[in-house]
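Protein chains: 2
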Amino acid sequence: MEQIKLIEVKEDILADNDKKAAEIRAGLAKKGLMMLNLMASPGAGKTSFIIRTINVLHPGTRIGVMEADIDSMVDAEKVAETGAFAIQLKTGGFCHLDATMVETGLNEMPVENLDLIIIENVGNLVCPAEFDTGAMKNIMILSVPEGDDKPLKYPLMFSVCDVLIVNKTDMTHLTDFNMDLLTQRVRRLNPKIEIFPLSCRTGEGVDQWTEWLKNLLKI
Amino acid sequence: MEQIKLIEVKEDILADNDKKAAEIRAGLAKKGLMMLNLMASPGAGKTSFIIRTINVLHPGTRIGVMEADIDSMVDAEKVAETGAFAIQLKTGGFCHLDATMVETGLNEMPVENLDLIIIENVGNLVCPAEFDTGAMKNIMILSVPEGDDKPLKYPLMFSVCDVLIVNKTDMTHLTDFNMDLLTQRVRRLNPKIEIFPLSCRTGEGVDQWTEWLKNLLKI
Numbered sequence: 001m002e003q004i005k006l007i008e009v010k011e012d013i014l015a016d017n018d019k020k021a022a023e024i025r026a027g028l029a030k031k032g033l034m035m036l037n038l039m040a041s042p043g044a045g046k047t048s049f050i051i052r053t054i055n056v057l058h059p060g061t062r063i064g065v066m067e068a069d070i071d072s073m074v075d076a077e078k079v080a081e082t083g084a085f086a087i088q089l090k091t092g093g094f095c096h097l098d099a100t101m102v103e104t105g106l107n108e109m110p111v112e113n114l115d116l117i118i119i120e121n122v123g124n125l126v127c128p129a130e131f132d133t134g135a136m137k138n139i140m141i142l143s144v145p146e147g148d149d150k151p152l153k154y155p156l157m158f159s160v161c162d163v164l165i166v167n168k169t170d171m172t173h174l175t176d177f178n179m180d181l182l183t184q185r186v187r188r189l190n191p192k193i194e195i196f197p198l199s200c201r202t203g204e205g206v207d208q209w210t211e212w213l214k215n216l217l218k219i
Numbered sequence: 001m002e003q004i005k006l007i008e009v010k011e012d013i014l015a016d017n018d019k020k021a022a023e024i025r026a027g028l029a030k031k032g033l034m035m036l037n038l039m040a041s042p043g044a045g046k047t048s049f050i051i052r053t054i055n056v057l058h059p060g061t062r063i064g065v066m067e068a069d070i071d072s073m074v075d076a077e078k079v080a081e082t083g084a085f086a087i088q089l090k091t092g093g094f095c096h097l098d099a100t101m102v103e104t105g106l107n108e109m110p111v112e113n114l115d116l117i118i119i120e121n122v123g124n125l126v127c128p129a130e131f132d133t134g135a136m137k138n139i140m141i142l143s144v145p146e147g148d149d150k151p152l153k154y155p156l157m158f159s160v161c162d163v164l165i166v167n168k169t170d171m172t173h174l175t176d177f178n179m180d181l182l183t184q185r186v187r188r189l190n191p192k193i194e195i196f197p198l199s200c201r202t203g204e205g206v207d208q209w210t211e212w213l214k215n216l217l218k219i
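Protein chains in written order, with the numbering used here: chain A, 1 to 219; chain B, 1 to 219.
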């Protein structure tokens, strides 16, 4: 009984959320702004990846970062050190961002003075995949130590993303991670996804990703 | 408006769940069975940890494993190779196990012939922390590559656990992970938690954990 009740509420919420997300996306497009939604497990390297990206594009591209966290400010503080604009959304226990929370965040950002907004979603491979944030592109990070079997276990996340970053490639020799096997498993779910293996620690492979992003931003 | 509706439903569900979990726990205790609920991020090493544990205790201790996964059988297949009894619960998109799902699983297990049941919860540091499964002890795994800042970001998970396993210690030299800092952060949230650093890959530190578990099982 409880399950059925939960699902009905969830469906209402998802339909409302999709509508709100479409409005956000249209509003940003009108202003010429690009917004990316970055999702990953806890500790896959979302913040390090954002900082690597900012270091390549800033200040030529004006970047704002919306950090979502259940209960801390640490990520926004790290991002602000790069010179990019950062805000922290505390989700207060919520396990994902929805379009309404993103709208609240956008209202606090100087959007007229930005070219690119990056949302760092809550660290979670399940719930964030279900909620459209209004971003133009969904990006996910899988880190090598997590294993190459994750597409079998979290198929929705791999299906809804436009780009897969495979981070921590410098740790591969300490694992049985198989990049070819991962690629096969991901492409079976999502044939069009772009895949960039890289290491935010060493910097290896970061250029391929930032070239792709520059192309997207037409710079 | 949607937020308020969601929270009310969630509170009803949590209250119902707590009641059901208490019933499960009492029923298992009456049978002399121990049940552990294992939680972690995707890829922290839950299945490897369970297999390491089984390899020490099996067949003297009769072990059953309940694997929760959104959409795959890979973990149950790996566990079954050890000779332990394994079932796979497909959560069909749900991001956590609740007591009703655990009860469904228990009804499919030969509980009269088991001494220890290990639940491998869905890979997620957020939602599973809110739902009592009926287990006697909550165990979480944090893996070194995830970083020592996770207690700041997922405080509820660190607060509800009796044991913290710090896995993948063999990767420490490739990270800036600080075990002392982690311990401080964890103990601030949960002064009584037991902490076992180990590597499921090399086996280092596994004995300390299994000694603790044997003590719990009075064997």
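In this text, a Cβ means the ideal position worked out from N, Cα and C, and glycines have one as well.
Distance, Cα to Cα, residue i vs residue j?
i                : j                : result
LEU142 (chain B) : ASN17 (chain A)  : 32 angstroms
LYS31 (chain B)  : ASN178 (chain B) : 42 angstroms
SER217 (chain B) : ILE117 (chain B) : Checking the sequence, you will find Leu at residue 217 (chain B) rather than Ser. Distance between the alpha carbons of LEU217 (chain B) and ILE117 (chain B) is about 11 angstroms.
LEU33 (chain B)  : LEU114 (chain B) : 7 angstroms
PHE196 (chain B) : ALA26 (chain B)  : 28 angstroms
ARG62 (chain B)  : CYS200 (chain A) : 44 angstroms
VAL206 (chain A) : ILE193 (chain A) : 17 angstroms
LEU156 (chain B) : ILE219 (chain A) : 43 angstroms
ALA86 (chain A)  : PRO128 (chain B) : 29 angstroms
GLY123 (chain A) : SER48 (chain A)  : 13 angstroms
ARG187 (chain B) : LEU97 (chain A)  : 29 angstroms
GLY43 (chain A)  : ASP176 (chain A) : 19 angstroms
MET101 (chain A) : MET73 (chain B)  : 35 angstroms
ALA40 (chain B)  : GLU120 (chain B) : 9 angstroms
ILE50 (chain B)  : VAL144 (chain A) : 21 angstroms
ASN37 (chain A)  : GLY134 (chain A) : 8 angstroms
GLU112 (chain A) : ALA21 (chain A)  : 19 angstroms
LEU189 (chain A) : PRO191 (chain B) : 44 angstroms
ILE185 (chain B) : PRO110 (chain A) : The displayed chain sequence assigns Arg, not Ile, to residue 185 (chain B). Rounded to the nearest angstrom, the two C-alpha atoms are 34 angstroms apart.
TYR154 (chain B) : GLY105 (chain A) : 21 angstroms
ASN107 (chain B) : VAL160 (chain A) : 35 angstroms
ARG169 (chain B) : THR169 (chain A) : In the sequence under discussion, the amino acid at residue 169 (chain B) is Thr, which differs from the Arg named in the question. Each residue's alpha carbon lies about 18 angstroms from the other.
THR210 (chain A) : MET35 (chain B)  : 48 angstroms
Among the options, which has the Cα closest to the Cα of residue i?
i                : options                                : result
VAL79 (chain A)  : A:GLY92, A:SER72, A:VAL65, A:ILE70     : A:VAL65
ASN167 (chain B) : B:LYS19, B:GLY45, B:LEU213, B:ILE219   : B:GLY45
GLU81 (chain A)  : A:ARG25, A:THR100, A:ARG52, A:LEU217   : A:ARG52
LYS150 (chain A) : A:LEU182, A:THR133, A:LYS137, A:VAL102 : A:LEU182
GLY83 (chain B)  : B:THR91, B:SER72, B:ASN55              : B:ASN55
ASP12 (chain A)  : A:GLY147, A:ARG188, A:ASN190, A:GLU130 : A:GLU130
PHE158 (chain B) : A:ASP71, A:ASP170, A:ASP132, A:GLY60   : A:ASP71
MET215 (chain B) : B:LEU57, B:ALA29, B:GLY43              : Looking at the sequence shown, residue 215 (chain B) is not Met but Asn. It is B:LEU57.
LEU198 (chain A) : A:ASN190, A:GLN208, A:GLY105, A:PRO191 : A:GLN208
ILE68 (chain A)  : A:MET136, A:PRO59, A:GLU103            : Checking the sequence shown, residue 68 (chain A) turns out to be Ala, not Ile. Nearest option by C-alpha distance: A:GLU103.
ILE139 (chain B) : B:ILE165, B:ASP170, B:GLY105           : B:ILE165
GLY147 (chain B) : B:LEU106, B:MET171, B:LEU28            : B:MET171
MET136 (chain A) : A:GLU211, A:ASP162, A:ARG185           : A:ASP162
CYS95 (chain A)  : B:LEU106, B:LEU125, B:ASN107, B:ARG185 : B:LEU125
ASP75 (chain A)  : B:LEU152, B:VAL160, B:GLU211           : B:LEU152
Is it buried or exposed, residue i, if we count other Cβ atoms within 10 angstroms and call 16 or more buried?
i                : result
HIS173 (chain B) : exposed
GLY203 (chain A) : exposed
GLN88 (chain A)  : buried
ALA15 (chain A)  : exposed
ILE24 (chain A)  : buried
GLY92 (chain A)  : exposed
ASP180 (chain B) : exposed
ILE7 (chain A)   : At ILE7 (chain A), the pLDDT of 37 sits below 50, so the modelled position is not reliable; the number obtained from the coordinates is stated separately. By the 10 Å Cβ count, ILE7 (chain A) comes out exposed.
LYS19 (chain B)  : exposed
ALA29 (chain A)  : exposed
GLY60 (chain B)  : exposed
LYS90 (chain B)  : exposed
LEU213 (chain B) : buried
Against residue i, what residues of chain A qualify as contacts under a CB-to-CB distance less than 9 angstroms, listed in chain order?
i                : result
LEU174 (chain B) : LYS168, ASP170, MET171, LEU174, ARG201
VAL206 (chain B) : Simply none; closest approach about 17 angstroms.
Given 7 angstroms as the limit, tell me if residue i has its C-beta closer than that to any heavy atom belonging to the ligand MG.
i               : result
GLY64 (chain A) : With respect to small molecules bound, the structure shown includes none, and the ligand MG cannot be examined in it.
Taking a Cβ distance cut-off of 9 angstroms, strictly less, list which residues of the region 141-166 of chain B are near chain A, in chain order. Going along the region 141-166 of chain B in chain order, one finds LEU142, SER143, VAL144, PRO145, GLU146, GLY147, ASP149, LYS150, LEU152, LYS153, TYR154, PRO155, LEU156 with a Cβ nearer than 9 angstroms to chain A.
Give the residues from the region 117-137 of chain B that approach chain A closer than 9 angstroms (Cβ to any Cβ), ordered along the chain. VAL122, GLY123, ASN124, LEU125, VAL126, CYS127, GLU130
Going along the chain, which residues of the region 65-89 of chain B sit with their C-beta nearer than 7 angstroms to a C-beta in chain A? Listed by position, the residues of the region 65-89 of chain B near chain A (Cβ gap below 7 angstroms) are ASP69, ILE70, ASP71, SER72, VAL74.
When you check each C-beta in the region 35-57 of chain B against every C-beta of chain A, which residues fall closer than 7 angstroms? So the list reads SER41, PRO42, GLY43, given in the order they occur along the chain.
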